[in-house]
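Numbering (mature numbering (1 follows the signal peptide of the UniProt record, and there is no 0)), first residue to last: -22 to -1, 1 to 623.
Now the structure itself:
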């Protein structure tokens, strides 16, 4: 059983009121999307066995033009076609190299979907729907991860999942970007990466259409501290795409202290002249701010002052008027964390209040005046009055000469004179944030309200939104400072008079599971027990884009030493001092079961007694019926650790 096979395009011109029935859609349809203008539809189809011939899929409508996609087998090679169906038109072959689990057209492979595009799709329409840009990803040389999928209990032999998955230091997929004109349909044109990028392994990171005939591409070197933004235009004169390599059209972004952006280059937002744009990049002091970029260079948007909250501001860019805070004084007691959504002309905007207290509101504004309260959650607020809900505090502690944020979820009727057990909920991955002013109902809510457990989260070195100095502190040294800071935070918490210093635990999922494991294996003496769900255990086991962004390459010439000194397995003997619950899904395509299995093996070899739970056929999220099971199981473990009845 293979992961994501070859994708094919099915493009359809539809006339008004024409319909496509479910029976007319191919069974192997993977993805379907409308063009932004007109009646064109693009879908991607799953390939069949390479030796199988698929019939042409005809989609009938009342339109004159019909784009359909067929697939044939020829000399054991699979080809994909886009066919323009008109009375006298020939077939036009667009892609030639589609191959199952090897060549992906218009579809992200595993690592690009997970770490770069954030979506299954790798195609982008121009604003008027004339041009279609799509990525071709070649995974031919990418190593394949295989694992068993047990399925129903009547299956005599397990299925085998195969996914092209580049791990740190392994061969990466190669990527190319093509643009095809759909009016009329023409051959695809490749947009080649600039020389400073193309000379080595690289990524396509961001694709942005500027106008109907202008596209902006951002390319990134494999060691992700150097990026090039390229602006390309369609020439009507010769029907080609041109990307002038001049400073007015090409911008280099480089980091001297870490990686580009929070996790990748930020998206540019172009102005009305379609040349200048706004972009979030680091300023000279290492703080990420909005910058205005035009043909003359890069200009800071002046920030005269700031507070440590997250609010929405209005700035008159042309007149230079002072900024005006839109959300600062709405409801300070209830609302300290906002998100905003603007209308096309920015005349109206919706402001969402996401907390601090038990409230989530949505306001519709025009020129700073509330037009309508879309939702105030009064009914929900009244409902919660009859429930013993926990409270939340958001404060800072001082470490290494810096103030770092932490939050605590406190039990109802919290009494500072009492001693409470403490559970630290950790993630601590690069640019993460766990301590914030949002309102949530989750496992921590249950533990605080029903079991009288304080649940704390702390954002130390490596966390986001506090400047590059803090963010890049863990560059090329994962498993060091972010782990150390969780231990130092626990030390500070243990000195608080309401914390029972003999009952402190830690738990985390994914990167949080890695940090929790590293903390528990640190022999610090502050922790009684802990839980790791789907943890990383060795960075060589994880994917290349994510891992190398923060660690470089696992080679002697680069950073092999820090790779080898950041494994959970090396700390196995010290787990004798704590109670440990290890949890993993056997079908985890992200952090593979291999990672948890190696921790288990090392603990057994070190003669450490520990608890383990695996979830058969469950992926990284451990969903479905297992979702309730995992939280029930973890609750039992924590209650046992804290000696709660």
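A virtual CB, placed ideally from N, CA and C, is assigned to each residue, including glycine.
- By the criterion of at least three beta-carbon pairs nearer than 8 angstroms, the region 415 to 430 is not in contact with the region 500 to 508.
- Between residue 534 and residue 564 the beta-carbon gap is near 34 angstroms, outside 8 angstroms, which marks them as no contact.
- Taken in chain order, the whole alpha helix (DSSP H) runs of length 4 or more contained in the region 419 to 476 are 421 to 429, 446 to 449, 459 to 472.
- Judged by beta-carbon spacing, residue 484 lies within the 8 angstroms limit of residue 494, meaning their Cβ atoms are closer than that value.
- Of the residues 364, 365, 441, 623, the one whose Cα lies closest to the Cα of residue 383 is 441.
- For the 8 angstroms CB-CB criterion, residue 449 and residue 528 do not form a contact.
- Just so you know, the alpha carbons of residue 181 and residue 319 end up roughly 30 angstroms apart.
- At a Cβ-Cβ threshold of 8 angstroms, residue 208 and residue 197 count as neighbours.
- By the neighbour-count criterion, in which a residue is buried when 16 or more other Cβ atoms sit within 10 angstroms of its Cβ, residue 325 is exposed.
- DSSP places residue 159 inside the beta strand (DSSP E), whose first and last residues are 152 to 159.
- Less than 8 angstroms separates the beta-carbon of residue 568 from that of residue 92.
- In this structure, the alpha-carbon of residue 266 lies about 15 angstroms from that of residue 410.
- Here the alpha carbon of residue 129 sits roughly 7 angstroms from the alpha carbon of residue 136.
- In this structure, residue 206 places its C-beta atom within 8 angstroms of the C-beta atom of residue 175.
- Cβ-Cβ separation between residue 112 and residue 84: approximately 4 angstroms, consistent with a contact (criterion under 8 angstroms).
- Cβ contact annotation for residue 264 (same chain, cutoff 6 angstroms, sequence separation greater than five): 445, 446, 447, in chain order.
- Looking at the DSSP output, residue 384 sits in a beta bridge with 373, 436.
- Separation of the CB atoms of residue 559 and residue 509 is rounded to 4 angstroms, and the pair is thereby assigned contact status at 8 angstroms.
- Collapsing the DSSP output to three states places residue 112 in a strand.
- Looking only at 593, 438, 328, the smallest Cα-Cα distance to residue 466 is reached by 438.
- Short of 6 angstroms from the beta carbon of residue 594, and not among the five residues preceding or following it, lie these beta carbons of its own chain, in chain order: 128, 564.
- Minimum Cα-Cα distance from residue 486 among the listed residues 402, 392, 532 corresponds to 402.
- Selection 388, 214, 513 evaluated against residue 404 yields 513 as nearest (Cα-Cα).
- Rounded to the nearest whole angstrom, the C-alpha separation of residue 108 and residue 230 is 29 angstroms.
- According to DSSP, residue pairing for residue 229 in a beta bridge involves 207.
- Straight-line spacing of the CA atoms in residue 268 and residue 592 works out to 45 angstroms.
- Residue pairing by DSSP places residue 483 opposite 401, 507 in a beta bridge.
- Of the other Cβ atoms in all chains shown, fewer than 16 fall within 10 Å of the Cβ of residue 247; this residue is therefore exposed.
- With the rule of 3 Cβ pairs closer than 8 angstroms, the region 513 to 525 counts as touching the region 141 to 159.
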